[in-house]
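Residue numbers (the numbering used here), protein chains in the order written: chain G, 1 to 302; chain D, 303 to 478. Step one of this worksheet: look at the structure below.
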């Protein structure tokens, strides 16, 4: 019980996740700045932004849509935090052990909230952004879910704890690779930064948000970073029994993935929506289908 | 002033988010504003971010001599920016309507319509003068936090904006 609580509240839960979210947001901005030959924002910048946004006003909205608009960022933030808390970083911590399906569901909630938020804001840019996010969601999620499914099928388990402890097979690496291809779309990074394409639709679903609500969105985006990179990091990390070594490996791997994604983001330009859909449905899906079919085939043979 | 207010002032000074509004500008100042964010001057070191939506912004950056068509947009966008907010007028046009003075298509200068905090004169001003203006506006925002101070316009002195060739570029090591 206490270990489960500690996991949810301390590591890798809230106490670790919130500073880590700010740190990853900073790393992303700094990496993009360095690749563009700039110096970039100071280390505490995401924290400054967060506190400043808390001190700003919000527009008065009435009725159900006003309430909903207040609720979406909170739901997104708390479910992203919950997803981070579920990651099996520390070996055999006991207590409540969620499985892969719960983790995936929690990681899906923020993007659902973004879609809903754009539509309930009634802004034309918000609606376009939400429609784009929905299309993007349908395209990358097929690959994302197939990759997860192939990993689970090849290792005969949906339990996160067991997956973290089992030795990695070549099939698992294929799955991790497919997950990595989906991460830029999941985090709205540059080749697939369609929902928040600033030059086309202003801030997309976030257009009407301001002040503390926007701060919650920023935080939930940071937590999504931690959860998504953390999922790949736990699947790719070797199993160690010493808890502090496991934590260090987890943080280092997540950091490396953040650097990789930021480098890709600053080196590429935004694709059009049809190109993006084609990329996921025509090119990437082949690998995902290959992974899942070989996983099922191996399962039948054994 | 308690600790939370102090922290808020500190953060407001370090995180000015801009919304850029063109009120009939010739694009000269707009280019200089973009240059201020580009690698050579790199305003992001001060936490400056150009936002897509006025709802997100702290500082409204306005260029241009305020045409009749732009007046409605300026009023709308100004009311869409949520408080505490500041306005920076970039270039000589919003301050005086510049060479377009007495034109029948204009309804300037900008101060007729909304209160302006910082004027950055120049035609166009240099990027370092624009950064100075934005930093000044961020300072004003931090000072105004919690207090209802009246708006007093500040003029960035022309010596900061003139074609100062000895001005050090903010980030780059390249010396031309």
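Ideal Cβ placement from N, Cα and C applies to all residues, glycine included. Keep in mind that this is a model prediction, so the values were computed, not measured.
Helix, strand or coil for residue i? Go by DSSP, reduced to three states.
i                     : result
residue 388 (chain D) : strand
residue 301 (chain G) : helix
residue 10 (chain G)  : coil
residue 351 (chain D) : strand
residue 466 (chain D) : At residue 466 (chain D) the pLDDT is 47, less than 50, meaning the model places this residue with poor confidence; the figure from the coordinates comes in the next sentence. Reduced to three states, the DSSP call for residue 466 (chain D) is coil.
residue 67 (chain G)  : helix
residue 472 (chain D) : Any reading at residue 472 (chain D) must be qualified, since the residue scores a pLDDT of 46, below 50, and its modelled position is unreliable; no value is offered.
residue 23 (chain G)  : helix
residue 251 (chain G) : helix
residue 370 (chain D) : helix
residue 322 (chain D) : strand
residue 159 (chain G) : strand
residue 305 (chain D) : helix
residue 408 (chain D) : strand
residue 293 (chain G) : helix
residue 344 (chain D) : coil
residue 477 (chain D) : Confidence at residue 477 (chain D) is low in this model, with a pLDDT of 41, below 50, so the placement of that residue should be treated as unreliable; the coordinate-derived value is given next. Three-state DSSP puts residue 477 (chain D) in coil, outside helix and strand.
residue 82 (chain G)  : helix
residue 207 (chain G) : coil
residue 202 (chain G) : coil
residue 416 (chain D) : coil
residue 36 (chain G)  : coil
residue 313 (chain G) : Nothing can be reported for residue 313 (chain G): it is not among the residues displayed for chain G, which extend from 1 to 302.
residue 311 (chain D) : helix
residue 239 (chain G) : coil
residue 316 (chain D) : helix
For residue i, which residues in the same chain have their Cβ closer than 8 Å to its Cβ, ignoring the five residues on either side in sequence?
i                     : result
residue 125 (chain G) : 201, 202, 203, 204, 207
residue 257 (chain G) : 180, 183, 229, 232, 233
residue 376 (chain D) : 323, 325, 364, 368, 412, 415, 416
residue 399 (chain D) : 367, 368, 405, 408, 410, 411
Rounded to the nearest angstrom, how far is the Cβ of residue i from that of residue j, given a contact under 8 Å?
i                     : j                     : result
residue 172 (chain G) : residue 155 (chain G) : 7 Å
residue 130 (chain G) : residue 115 (chain G) : 5 Å
residue 150 (chain G) : residue 292 (chain G) : 4 Å
residue 397 (chain D) : residue 423 (chain D) : 6 Å
residue 313 (chain G) : residue 349 (chain D) : Residue 313 (chain G) falls outside the range modelled here, since chain G spans only 1 to 302, and no answer is possible.
residue 335 (chain D) : residue 442 (chain D) : Rounded, the Cβ-Cβ distance is 19 Å, inconsistent with contact.
residue 215 (chain G) : residue 54 (chain G)  : 5 Å
residue 458 (chain D) : residue 402 (chain D) : So it is not a contact: roughly 21 Å between Cβ atoms.
So, are the CB atoms of residue i and residue j less than 8 Å apart?
i                     : j                     : result
residue 327 (chain D) : residue 354 (chain D) : no
residue 41 (chain G)  : residue 382 (chain D) : no
residue 190 (chain G) : residue 266 (chain G) : yes
residue 108 (chain G) : residue 119 (chain G) : no
residue 122 (chain G) : residue 65 (chain G)  : yes
residue 213 (chain G) : residue 70 (chain G)  : yes
residue 210 (chain G) : residue 351 (chain D) : no
residue 270 (chain G) : residue 197 (chain G) : yes
residue 178 (chain G) : residue 152 (chain G) : no
residue 87 (chain G)  : residue 167 (chain G) : no
residue 220 (chain G) : residue 73 (chain G)  : yes
residue 103 (chain G) : residue 160 (chain G) : yes
residue 195 (chain G) : residue 136 (chain G) : yes
residue 318 (chain D) : residue 360 (chain D) : yes
residue 341 (chain D) : residue 29 (chain G)  : no
residue 24 (chain G)  : residue 243 (chain G) : no
residue 51 (chain G)  : residue 305 (chain D) : no
residue 176 (chain G) : residue 235 (chain G) : yes
Which two residues bound the contiguous beta strand (DSSP E) that contains residue i?
i                     : result
residue 284 (chain D) : Nothing can be reported for residue 284 (chain D): it is not among the residues displayed for chain D, which extend from 303 to 478.
residue 363 (chain D) : 361-365
residue 336 (chain D) : Careful: residue 336 (chain D) lies outside any beta strand (DSSP E), inside the alpha helix (DSSP H) at 330-339.
residue 422 (chain D) : 420-422
Enumerate in chain order the residues of its own chain whose CB-to-CB distance from residue i is below 6 Å, with the five nearest sequence positions on each side excluded.
i                     : result
residue 245 (chain G) : none
residue 473 (chain D) : Confidence in residue 473 (chain D) is poor, its pLDDT being 45 and thus under 50, which makes the residue's placement too unreliable to answer from.
residue 254 (chain G) : 229, 230, 233
residue 57 (chain G)  : 211
residue 435 (chain D) : 390, 420, 422, 458
Counting along the chain, where does the alpha helix (DSSP H) carrying residue i start and finish?
i                     : result
residue 141 (chain G) : 124-154
residue 268 (chain G) : Premise fails: residue 268 (chain G) is in no alpha helix (DSSP H) and is neither H nor E.
residue 443 (chain D) : 429-446
residue 50 (chain G)  : 45-54
residue 225 (chain G) : 211-236
residue 279 (chain G) : Counting along the chain, residue 279 (chain G) falls outside any alpha helix (DSSP H), and DSSP gives it neither H nor E.
residue 186 (chain G) : 170-186
residue 118 (chain G) : 100-120
residue 396 (chain D) : 394-398
Using a Cβ-Cβ cut-off of 7 Å (strictly less than) and excluding sequence neighbours within five positions of residue i, which residues of its own chain qualify?
i                     : result
residue 223 (chain G) : 17, 21, 77, 80, 81, 84
residue 418 (chain D) : 389, 391, 412, 455
residue 8 (chain G)   : 85
residue 446 (chain D) : 386
residue 75 (chain G)  : 109, 113
residue 251 (chain G) : none
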